[in-house]
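Residue 1 is where the sequence shown starts when you use full-length UniProt numbering, and the numbers rise one by one after that.
The C-beta atom is built at its ideal place from N, Cα and C for all residues, glycine as well.
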Amino acid sequence: MLLLAACGGSGDSNGPGVIRGTIEIASGTRTDADTALDLTEQGLDSSRSSPLSGVQNDGAPFPGNVTVGGYVSAESGVYGNGFQYPADASDRLQVNLVEGQRVTVNIFPAPYNPSGSSGNAPVTQLELDPVASGSADSTGSNEEANKSVQAQQDGAHNLIIRARGGGPARYVVRATSLNQGQTLGISGTDILPGEAIVTMESGMGSGRMRTQAGAAVSLAGQQRALGGGQHHVRMPREREALFQADTSRKKEVARTLEWVRELRNEPGVASAVPNSKVSTAAPLPPMTQSEYPDQEWHYTQIGVDAAWEDRTGEGVPVAILDTGIDYGNRDWHPDLAPNIDCAQQGCFDAVDEDEFPEDTGTLSHGTHVAGIAGADALESSQVAGVAYLSKLVPVRVLGSDEGSVADVIEGIRWVINDGSPRAAIINLSLGSQTNNPGLQDAIADAEAAGIIVVGASGNAGDDRQFFPAAYSTVIAVGSVDCLGRRSTFSNFGFWLDVVAPGGGSGSDCSGESSVFSAEADGGTSGRRGTSMAAPHVSGVMAMIKEGNGGLSPAVARALIREGEITQSSSGTFSVEIGRGVIDADAAVGDLSGYAALAPQPEVFELSDEDQEAELRFTGVGSRSASFTEPSVTASEDWLSVDALGKRRFRVSLETGSMEPGVFFRSTLKVSYAVDNESREFELPVTATLESGEENRNAGAHFVQLIPVDSEDPDMDTRQTLVEAEGGRYRFEFDTSEITPGEYFVIAGTDMDNDGIICGPGEACAEYPFTGQAESIEVTPTMNRDLTLETAFTRPVDTQADPGYRRNNEQ
């Protein structure tokens, strides 16, 4: 049983034995007004006896940058742990939107099987109705976990989330794209306890980790050199022994983070981050060739047939970092074997630490990806790759469909080969929503070595960043269907570079819904996913490199940015498909002398806190190229551009022309000439001004002090319940009677009243940063003030995270 502290508030005590705290609420955050907690918990300001039937905020629309957390359920009942959940068949929320703005809803089923329930997963439907006309803009009624709808006009819209069947669920509605900062950091569920990636300072060598004085790093147990001064390190055995069988994952992660922080302070250590998980980017099972026999639509879509008249990627090595390659009948897959020469090009298995990257799993993901990029076009071949005369370099970094960042780093380092690359292109049809700086460093070194890195954008179907694709040094590839529309599963956003065929669904595409390629046991199959889209681009890059061996990664990105090798008009940008569909036929010209001006940054996300940003340009490509001074213009009165000097500009908001709470978006037009050839492209800009900071509300929060080491943490945990006042929360704990020791400070919602706070789809705050909780020392005589921030928009790839238990009595 949890022990309750006094009700939260700012308090006026200045004596000893006090922890006070303020929980700031992320900009634009709002809450459903009839959550399960509101309907079952008496005494809250938001308590209700029955669900709201109309629009919750009729006449007072949520701002255009809103994020809303809420609850729906088609039925009522009792969870297996005794907590009740009420029926709430629909929520109606009014939101201010602009034409083309996309609203995304993520659905999170309650983790406990309700007693007496049908046991079915929630079936939800999303509708968007303009208030002015009352006609439906767009609806979605499938059972996917992620849904999005798009506004067809400006103005207030009623967003309706319906529960059509099944049990209770939480949801998170987002009316604007996540910015880059919102997905940075390590997701606790992705962390591999007791493992770290350590980068030593330059000059430390590539062997066993040692300090500048030559001593072994004392905090490192078993270790593996990954190359480039990076090491995969395990916690010393005596510390790992603390991970008892009954230790919660939260404690394992917390102890791992504490150990990583200590590693950072070791002499000679440049950086240390937790090791974390990655997985493939193909969400659906394969289909057999017999189901859909005619599968060449994806090559026709990107113009491969015409390109093959000039280029085939002959001799260009393409590294496929994946699950390995199918090996049967004492040879590689017959469609791939002619292009694999481990003796000459090299092969590597980072999982088993050998030179034989056989795919030992059942999914054959790496085989399929490799086939798209470079399966041979022999008469006996069942499929042909985009660059069918390229040289495939298989590098196994995943098991069946999952692996660790450390193995991916080692695979990248093996390809870099101390600056003598074993491949010109790296394909990464894998990743996660966790940004691991160690992986980012390895990819930056690959770019410095001249390697073009291509990554899949992920299959969540929304705008969450997927790493490593979201790194600026990677070409991020999304998926389109047979008609060139964004595949419903494909991630999108301002970080997306280009799209390629990855399959889709719907009657318009008939059998052309999958990409067919090599499969296990020498066969073929069709798959869908951004995993399939990425190797199309890798194959096109091999075609380019065949005739332009010195082409740099920066120039490759410039070719995409300026529309030179895409099917979109010159330099345009769409949040749905980036710079457009890759065009193989346009990529076979002579690009050896190509040069361009590369912008930094490529996306502007402005707000109250960041009302201006600097734009710089750097020349890339041919050093003999002659550039004119770039022109940067804005077409909207709420945006201004001022020249600061050579190739430098200030981009600023004109707040007097902006209405608070409205989502603004536009593009900057960049024009310049190189060697008398005119060039132009667009840079996307988004902006919002806060509308009523005092109205920020993430719902009632349970605040807890959780002991790090306790034989009965439930008994020793202290808890208080607070509600938002003036756009923030305040809490206070009397520590005079709390057992001294190390405690975590966390706070979160329980929207579905399942007794768990900080689960996926709930608002959560952990001190000092959500997802990276650190303990504080609690004493009877302490006096300390803390600041936390709560939000619904932390990485939502934490379905397996159980959250924290709360008390049943208030």
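Distance between beta carbons of residue 374 and residue 328, contact taken as under 8 Å: About 19 Å separates the two Cβ atoms, so there is no contact after all.
Reduced DSSP secondary structure (H/G/I, E/B, other) of residue 549: Three-state DSSP puts residue 549 in coil, outside helix and strand.
Runs of beta strand (DSSP E) wholly within the segment 581-668 (minimum 3 residues, chain order): DSSP runs (the beta strand (DSSP E)) wholly in the segment 581-668: 595-600, 604-606, 612-621, 631-634, 639-645, 648-653.
So, does the segment 266-285 touch the segment 455-463, judging by three or more C-beta pairs under 8 Å? Flag = yes, the segment 266-285 and the segment 455-463 touch.
Can you tell me whether residue 437 is helix, strand or coil according to DSSP? It is helical.
DSSP three-state call for residue 174: helix, strand or coil? Annotated three-state conformation of residue 174 is strand, per DSSP.
Beta-carbon gap between residue 591 and residue 548 smaller than 8 Å: Yes, the Cβ-Cβ distance between residue 591 and residue 548 is below 8 Å.
Residue 502 classed as buried or exposed, judged by whether at least 16 other C-beta atoms fall within 10 angstroms: By the neighbour-count criterion, in which a residue is buried when 16 or more other Cβ atoms sit within 10 angstroms of its Cβ, residue 502 is buried.
Where do the N-terminal and C-terminal ends of the alpha helix (DSSP H) with residue 26 fall, by residue? Residue 26 -> no alpha helix (DSSP H), and no H or E assigned at all.
Could you give the first and the last residue of the continuous beta strand (DSSP E) run that contains residue 299? Premise fails: residue 299 lies in the alpha helix (DSSP H), 297-301, not in any beta strand (DSSP E).
Could you check what DSSP says for residue 2 in three-state terms: helix, strand or coil? Only weak support exists for where residue 2 lies, its pLDDT of 38 falling under 50; the coordinates are left without a value.
Whole-angstrom C-beta distance between residue 765 and residue 786, which should lie under 8 Å: The Cβ separation is near 10 Å, so there is no contact.
Using a threshold of 7 Å, is the CB atom of residue 647 nearer than that to any non-hydrogen atom of the ligand GTP? Questions concerning the ligand GTP fall outside what the structure shown contains, since it holds no ligand whatsoever.
Are residue 27 and residue 65 close, meaning C-beta to C-beta below 8 Å? Yes; because the gap between Cβ atoms is below 8 Å, this pair is in contact.
Terminal residues of the beta strand (DSSP E) in which residue 164 lies: Judged by DSSP secondary structure, residue 164 falls within the beta strand (DSSP E) whose first and last residues are 155-165.
Do the CB positions of residue 790 and residue 740 come within less than 8 Å of each other? Against a cut-off of 8 Å, the Cβ pair of residue 740 and residue 790 comes out as no contact.
Considering Cα atoms alone, identify which of 38, 485, 517, 470 is closest to residue 430. Out of 38, 485, 517, 470, 470 has the C-alpha closest to the C-alpha of residue 430.
Does residue 391 pass the burial test, meaning 16 or more other C-beta atoms within 10 Å, or should it be called exposed? Around the CB of residue 391, 16 or more other CB atoms lie within 10 Å, so the residue is classed as buried.
Proximity to residue 727 [Cα-Cα], best of 330, 101, 742, 691: For residue 727, the closest alpha carbon among the candidates 330, 101, 742, 691 is that of 691.
Cβ separation of residue 701 and residue 755, assumed to be a contact under 8 Å, to the nearest whole Å: The pair is not a contact, with the Cβ atoms about 15 Å apart (cut-off 8 Å).
What would DSSP say about residue 751, mapped onto helix, strand or coil? Of the three classes helix, strand and coil, the one that applies to residue 751 here is coil, per DSSP.
Have a look at the DSSP bridge pairing and note the partners of residue 96. The bridge partners DSSP lists for residue 96 are 156.
Using a threshold of 8 Å, state whether the C-beta atoms of residue 263 and residue 254 are closer than that. Taking 8 Å as the Cβ cut-off, residue 263 and residue 254 do not qualify as a contacting pair.
Going by CA-CA distance only, name the one from 449, 396, 577, 626 that's closest to residue 428. Minimum Cα distance to residue 428 is reached at 396.
Residue 807 versus 195, 37, 107, residue with shortest Cα-Cα distance: Looking at the Cα atoms, 37 is the closest of the given residues.
Would residue 384 and residue 419 be called neighbours here (beta carbons separated by less than 8 Å)? It is not a contact, given that the beta carbons lie outside the stated cut-off.
My output table needs one value for residue 279: the three-state DSSP class, helix, strand or coil. Here residue 279 sits in strand by DSSP.
Could you tell me whether the segment 558-577 touches the segment 674-682, using the rule of 3 or more Cβ pairs below 8 Å? Contact between the segment 558-577 and the segment 674-682 is present: three or more C-beta pairs spanning the two stretches fall below 8 Å.
With a cut-off of 8 Å on the beta carbons, I'd call residue 746 and residue 804 a contact; round off their distance for me. At roughly 6 Å, the Cβ-Cβ gap stays under 8 Å, so residue 746 and residue 804 are in contact.
For the structure I just gave you, are there three or more beta carbon pairs, one from the segment 222-235 and one from the segment 406-414, closer than 8 Å? Verdict: yes, contact present.
Proximity winner among 607, 92, 480, relative to residue 173 (alpha-carbon distances): Nearest of 607, 92, 480 to residue 173, Cα basis: 92.
Can you tell me the Cα-Cα spacing of residue 138 and residue 129, whole angstroms? For residue 138, the predicted structure reports a pLDDT of 40, less than 50, and the residue's modelled location is therefore unreliable. A value from the coordinates is still provided. If you draw a straight line from the Cα of residue 138 to the Cα of residue 129, it comes to about 8 Å.
Cβ contact check for the segment 310-324 and the segment 439-448: 3 or more pairs under 8 Å: Flag = no, the segment 310-324 and the segment 439-448 do not touch.
As assigned by DSSP and simplified to three states, the class of residue 106: Per DSSP, reduced to three states, the secondary structure at residue 106 is strand.
Taking only the alpha-carbon atoms, compute the straight-line gap between residue 587 and residue 556 and give it to the nearest angstrom. If I take the Cα positions, the gap works out to 10 Å.
CA nearest to the CA of residue 321, picked from 358, 631, 337, 366: Checking every option, the nearest Cα to that of residue 321 belongs to 366.
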